[in-house]
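Position 88 (the sequence shown) corresponds to 88 in full-length UniProt numbering; numbering is contiguous.
Here's the structure we're looking at; comments come further down.
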Amino acid sequence: MELKDWTRLIALSLLWGGSFLFVEIALERLPPLSVVWARVSLGAVLIALMLNAGRASLPRGWAVWRALMVMGFLNNAVPFSLFAFAQGEVSGSLAAIHNATTPLFGVVVAHVAGAERMTRLRLAGLLSGFAGVVIMAGGGAGALPAMVACLAAAFSYALAGVWGRRFKAMGVAPMQAAFGQVTAAAVIVTPLWLLVDRPWMLDWPGGRVMGALIGIAALSTALAYAIYFRLLASAGAVRLLLVTFLIPVSAALLGALVLDERLELQHYAGFALIAAGLWAVARRV
């Protein structure tokens, strides 16, 4: 990859790794669904402004929007909500490590869907990755529901990865798909947010939390999508998988610098096995 691609890759890992930090800060004063609603609602507005600045049209057609609703459910509403719930119990750094299992689930989903074949190397990678998850669990029953939520979120991302392959054939441009899915997620989350959180009863969260909400929408959602699709075009999908290795590193560094978080030895050992698994499933065989 060229230097500009490495720069974009590192920037993307910081933006997505930073999302776990922003969520952790926002959860100090807001319930999980309020954080998710702010992310997708403001994110949709910002991506719409980006489309308008580039003179690009919005997605059109019922078939396209039906597909985008499913994508928004799988790629935004479900995983964002599950990670927000989980981060009430575990650190953003640990949640980011679990997020790194997404490509491992992706191999399983793609195999079941008939999109990719399962090789011995990929199977070994899966076993290594999920062994890493078991090691990270470390017998901590108190955090088990949160860890299950993180893995369910990663699985939802994997389902979205397979579902999202249809948009190119439908003539939907990448940033149109980004706008459509985030908008769809906002439509899905809004009634739940109103019913569960009753936002009119919440206190003003303060400037620190508002800054985190703006950060997660503007940086970790709108800007991250723009960099992601540009990097996808210049570096390719296989090399882009490297960002999965970097996100937990970025999340851990940001968590340590801003929130004084620390990971245990078992978490580093678990991530090493997950990283080995990712290397195995990413290789072309």
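Using N, Cα and C, we set each Cβ at its ideal position, and we do this for glycine too.
Keep in mind that this is a model prediction, so the values were computed, not measured.
When only Cα atoms are considered, Ala-184 and Phe-245 end up about 29 Å apart. Looking at the backbone, the Cα of Val-107 and that of Ala-178 are separated by about 23 Å.
Cβ contact annotation for Phe-73 (same chain, cutoff 8 Å, sequence separation greater than five): Ala-184, Ala-185 and Ile-188, in chain order. With contacts defined by Cβ atoms closer than 8 Å, Val-281 and Pro-79 do not form a contacting pair. A straight line joining the alpha-carbon of Tyr-268 with that of Ile-10 spans about 20 Å.
Nearest C-alpha to Leu-273 among Pro-248, Met-175 and Gly-132: Gly-132. Around the C-beta of Met-136, 16 or more other C-beta atoms lie within 10 Å, and the residue is accordingly described as buried. Put simply, the stretch 9 to 28 does not touch the stretch 52 to 65. Fewer than three CB pairs are less than 8 Å apart. The Cβ atoms of Leu-12 and Tyr-228 lie closer than 8 Å to each other. Of Leu-49, Val-172 and Ala-48, the smallest CA-CA separation from Met-71 is found for Val-172. The alpha-carbon of Ile-214 is positioned some 10 Å away from that of Gly-207. If you ignore the 5 residues before and after Ser-81, its C-beta comes within less than 6 Å of the C-beta of Val-36, all in its own chain and listed in chain order.
A distance below 6 Å between beta-carbons, with the five flanking residues on each side excluded, links Arg-8 to the following residues of its chain, in chain order: Ile-227 and Leu-231.
About 15 Å separates the CB atoms of Leu-126 and Gly-270; that is not less than 8 Å, and the two are not in contact.
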